[in-house]
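Per my numbering, the very first residue in the sequence shown carries number 8; after that it's consecutive.
Glycine included, every Cβ here is placed at the ideal spot set by N, Cα and C.
Following: one structure in structure tokens, then a few remarks.
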Amino acid sequence: MDSAQTYWRDRALLEWQVELGATEAILDAPLDRYALETVKPAPKVAAPANAPSPTLPVPVETDAVGDATRAAESAGDLPALAAAMQAYDHCELKKGARSFVFSDGNPAARVMIVGEAPGREEDRAGKPFVGRAGQLLDRMLAAIDLGRAHEDPARAVYITNVLPWRPPSNRTPDAEEIAMMLPFLRRHIALADPDLVVVMGNTPCQALLGRAGITRLRGQWVEVLGKPCLPMFHPAYLLRNPIAKREAWADLLDLNARLKA
Ligand code: URA
Numbered sequence: 008m009d010s011a012q013t014y015w016r017d018r019a020l021l022e023w024q025v026e027l028g029a030t031e032a033i034l035d036a037p038l039d040r041y042a043l044e045t046v047k048p049a050p051k052v053a054a055p056a057n058a059p060s061p062t063l064p065v066p067v068e069t070d071a072v073g074d075a076t077r078a079a080e081s082a083g084d085l086p087a088l089a090a091a092m093q094a095y096d097h098c099e100l101k102k103g104a105r106s107f108v109f110s111d112g113n114p115a116a117r118v119m120i121v122g123e124a125p126g127r128e129e130d131r132a133g134k135p136f137v138g139r140a141g142q143l144l145d146r147m148l149a150a151i152d153l154g155r156a157h158e159d160p161a162r163a164v165y166i167t168n169v170l171p172w173r174p175p176s177n178r179t180p181d182a183e184e185i186a187m188m189l190p191f192l193r194r195h196i197a198l199a200d201p202d203l204v205v206v207m208g209n210t211p212c213q214a215l216l217g218r219a220g221i222t223r224l225r226g227q228w229v230e231v232l233g234k235p236c237l238p239m240f241h242p243a244y245l246l247r248n249p250i251a252k253r254e255a256w257a258d259l260l261d262l263n264a265r266l267k268a
């Protein structure tokens, strides 16, 4: 391999690690921990008979999903739900995020859109879908006369995400993060009480329908919490695959027809 090839290989490996969430280089050279000598545990020395018994740390049982369920159920309205989510400490993403991103649009809207998680722009602004994908989403909605700030409440939308905190390097949320935030999302939908739910991309499908595979799921109405729900391609996917806009347009027309039915 010549030096240019080595450069591009190393660079691809580095980008892959950043994509996985690595934020810091710890050592200059790789460390083969298998090659290290096994450290033998120190021999146990019997404590003197009159020694005080050691204070052991008490293991704390955490029930992240149970705590989320109780917190979500005790929220009687959307501001209370936002406060309960902000007070919830089990999700590690909270520590690395700049903002808590709850929702945008009209909470009384007939259509509620559920995305994945805030990205960099959303983390900065404290609002969902404000970056490039969000701008495309706004244009898609405008094409069927919907909008988050539409003056006619009947044509307004309400937008949220599965997660309110940005995952590092925009990585896909993991199963544990989705599971612990799901009780809040379900309560969010129940409190907003839209007529129709639109789930954009695999993460909200996984959370609310229990399955992913958006290419097959999109365009097929299903039921979520007793409401008609339409899975659609995520606008970020459409930015990467403009050819799929054709299917997205068909789904938008279908959504519009449901609203007018
Ligand atoms: N992608 C999402 O799923 N949600 C956002 O808020 C922004 C980008």
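Residue i beta carbon near the ligand URA (any heavy atom closer than 7 Å)
i: A75; result: no
i: N168; result: yes
i: E123; result: yes
i: A214; result: no
i: E80; result: no
i: P175; result: no
i: H157; result: no
i: F107; result: no
i: F191; result: no
i: G112; result: no
i: A89; result: no
i: E129; result: yes
i: P171; result: no
i: P180; result: no
i: G133; result: no
Nearest neighbour of residue i, chosen from the options [CA to CA]
i: D159; options: E184, D96, R117 and I221; result: R117
i: A156; options: T179, A115 and A182; result: A115
i: A89; options: M188, D17, F136 and G103; result: M188
i: A163; options: N177, D145, L198 and P171; result: D145
i: R139; options: D96, A268, R247 and G112; result: R247
Any non-hydrogen atom of the ligand GTP within 7 Å of residue i CB
i: P238; result: The ligand GTP is not part of the structure shown, which contains the ligand URA as its ligands.
Whole-angstrom C-beta distance between residue j and residue i, which should lie under 8 Å
i: V206; j: P242; result: Going by Cβ atoms, the distance from V206 to P242 rounds to 13 Å, so no, they are not a contact pair.
i: D130; j: S106; result: 5 Å
i: L245; j: A257; result: Not confirmed; about 13 Å, so no contact.
i: R173; j: G126; result: 6 Å
i: G133; j: V108; result: 6 Å
Beta strand (DSSP E) runs contained entirely in the segment 184–263, provided each spans 3 or more residues: 203–207, 229–231 and 234–239
Whole beta strand (DSSP E) elements within the segment 53–134, 3-residue minimum: 118–122
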